[in-house]
Structures are given as structure tokens and as C-alpha cells.
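Visitor: The following block contains the structure, expressed as C-alpha cells.
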Amino acid sequence: MTKPVKPLGIKGYGSTPHLTGSRVGPEDYSLSPEQSRLFTIGPARRGDRFIVTEKVDGSCVAVARLGDEIHALNRAGYPAWSSPYALHLAFDRWVQLRKDRFLDLLMDDQRVVGEWLHTATGTRYHVVDPNDLFVSFSIMRMHDRIPYDDFAKRIDEAAFLRAHVLHDGGPLPIDAMLTLLGESGFHGALDGTEGAVWLHENESKFSAIAKYVKHTKTDGRYLSRNTGGDDVLNYHGVAF
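Written out as C-alpha cells, the structure reads:
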């Protein structure tokens with residue numbers, strides 16, 4: 001079967017390097033200890049800013065605007081409607097119901113990237129409000145991110161959800177992040193939190209990104225293709 005065309009011609013989202021000491025999967029890669037210390041200890045340069053957010057364990061997806069069209073995409077950049085997985089089909093329906101809101105949020109050729117929590121992947125979540133099913137973390141055009149403050153303002157004004165900010169300032173040690181995060185986090189995690197993401201800006205421009213994943217995390221342990229059973233749903237509200 002021929003795959004559909006990627007609307008943007010690229011992936012919906014790439015990969016994020018791990019900090020030293022993070023749990024690393026088979027296809028992941030880590031920063032060097034020296035690079036990791038810039039995020040966690042420093043020294044910070046003039047104009048450095050580190051925004052540390054909860055890492056939400058859903059399915060990474062994106063919503064793109066091309067002209068007056070809105071496209072729901074999976075992480076690989078293919079249309080969500082073309083996916084064989086029910087969680088992506090649900091995402092496409094969810095996005096189309098909010099098309100006008102996404103048109104207001106995004107400029108042409110931009111996309112908002114986030115985690116889709118409809119179906120449990122490696123962590124179960126308690127999600128009651130369907131508007132909380134998509135947890136955004138960036139607005140991008142091709143490979144470039146808009147400044148975090150611009151992203152936060154636009155997301156908040158559009159009444160979408162973004163990943164909870166644990167820290168905003170200088171470098172943050174991993175132990176301090178874990179204390180701020182706690183075991184339940186801020187998005188309803190039922191199996192313990194996954195970790196956090198460090199976004200580094202300098203003079204309000206994106207510089208680098210890294211993540212820390214706890215060693216208790218197991219990738220995809222609830223997905224039907226791994227268990228042989230049914231998908232585990234985080235959301236049991238009104239169907240869409």
C-alpha cells in the first residue's frame with residue numbers, strides 16, 4: 001500500500017537528546033557529560049534561560065496549518081487519518097472539531113507539537129476534559145521554534161493546554177527537577193511521572209533542548225500491539 005504524502009514534507013517532530021543519567025531507549029542518544037552540565041549546573045551565560053517542563057508520556061503528534069487547511073499529523077509527519085492506529089484516528093477527529101481554533105492559533109506553514117493523551121502508551125493518565133487530551137510544548141515552522149514566551153501567550157489565548165512549567169530561570173539539577181515534579185506531576189499521571197524537558201533559550205532565541213527520563217519508565221507497555229490485548233484508554237468521556 002502506498003503511503004500518503006507528508007503535508008509538510010518533513011517529520012512532525014524529531015528526537016530530543018537525553019541528559020547524562022537519563023534512561024535511554026534503543027534508538028535514543030545522549031549528550032556528553034559536559035553538555036549535560038550546561039543544562040543542570042552551568043555556568044550560565046549572559047542571556048541564558050532554561051524552561052523546564054513536565055515530560056508528558058503520550059503519543060507525539062502535531063497540528064499544521066497550510067493555507068486555510070488544518071492537518072492532524074503523527075510524529076513521522078503523515079496525516080493522522082492514514083494511521084492504522086485508533087489513537088491517531090481519534091486525534092484527527094478531535095482536531096477537525098477544533099479547526100477554527102487552530103486556524104486562529106497558527107500562522108501559515110506553522111505547526112503546534114504536543115502529546116496526545118487519548119490512549120495510554122507507557123503511562124496512564126486521568127483525563128476528564130477532552131480539551132486536556134492534547135498537551136502542547138512548541139510551535140514550529142519547519143525546523144525552527146518560536147520563542148517560548150510567544151508560544152505560551154498564543155497557546156493560553158487560544159485556551160489550549162501546554163506542558164506544565166516546573167522551573168524558569170537558570171540551570172536546574174536533575175534532583176531538584178524530580179522534587180518539583182513529584183510522583184503525580186501536573187497532568188494526571190497514574191503510574192508515576194516520566195521526567196522533564198529542558199528548553200534552553202539565549203536572548204529569547206531557541207538554543208538547545210534535552211530531556212531526562214526516569215529509569216522506572218517502560219515505553220509502550222500499555223499499547224495493544226505490545227500487549228496483545230485491548231488499548232488502555234485515558235479518556236472515557238463523550239465520544240468524538
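Under our numbering, the residue at position 30 of the sequence shown is numbered 30, and the numbers go up by one with no gaps.
The beta carbon of each residue, even a glycine, is placed where N, CA and C say it ideally should be.
(1) What's the gap between the Cα of G114 and the Cα of V135?
(2) May I have the straight-line CA-CA distance separating C60 from L66, to the nearest angstrom?
(3) Give me the Cα-Cα distance between S30 and L105, rounded to the nearest whole angstrom.
(4) To the nearest angstrom, report how far apart L133 and T179 are at their CA atoms.
(5) Quick check on A189: does DSSP put it in helix, strand or coil?
(6) If we call anything under 8 Å between Cβ atoms a contact, is K6 one with Y85?
(7) Need the endpoints of the beta strand (DSSP E) that H167 sits in, please.
(8) Just to confirm my understanding: we take F151, look at its own chain, exclude 5 residues before and 5 after, and list those with CB closer than 7 Å. What are they?
(9) Look up H215 in the DSSP assignment and say whether it is helix, strand or coil.
(10) Write down the C-beta distance between F91 and A80 rounded to the nearest angstrom, noting that I regard them as a contact closer than 8 Å.
(11) Measure the alpha-carbon distance for V56 versus R46 and round it to whole angstroms.
(12) Alpha carbon to alpha carbon, what distance is there between D191 and D144?
(13) Taking only three categories from DSSP, how would you classify L172?
(14) Quick one: Cα of T119 to Cα of L87, how far?
Guide: The answer reads as follows:
(1) Looking at the two C-alpha atoms, the distance is approximately 5 Å.
(2) Cα to Cα, the separation comes out at about 20 Å.
(3) The C-alpha of L105 is placed about 33 Å away from the C-alpha of S30.
(4) Answer to the nearest angstrom: the Cα atoms are 25 Å apart.
(5) Reduced to three states, the DSSP call for A189 is strand.
(6) In this structure, K6 keeps its C-beta atom at 8 Å or more from the C-beta atom of Y85.
(7) Note, H167: beta strand (DSSP E), V165 to G169.
(8) Cβ neighbours of F151 beyond the five flanking positions: S138 and I139.
(9) In this structure, DSSP gives H215 a state outside helix and strand, which the three-state scheme calls coil.
(10) With 8 Å as the limit, F91 and A80 qualify as a contact, their Cβ atoms being about 5 Å apart.
(11) When rounded, the separation of the alpha-carbon atoms in V56 and R46 is 30 Å.
(12) Distance between the alpha carbons of D144 and D191: 33 Å.
(13) Looking at L172 - three-state DSSP - the assignment turns out to be coil, as it is neither helix nor strand.
(14) Put simply, the backbone Cα of T119 is about 6 Å away from that of L87.
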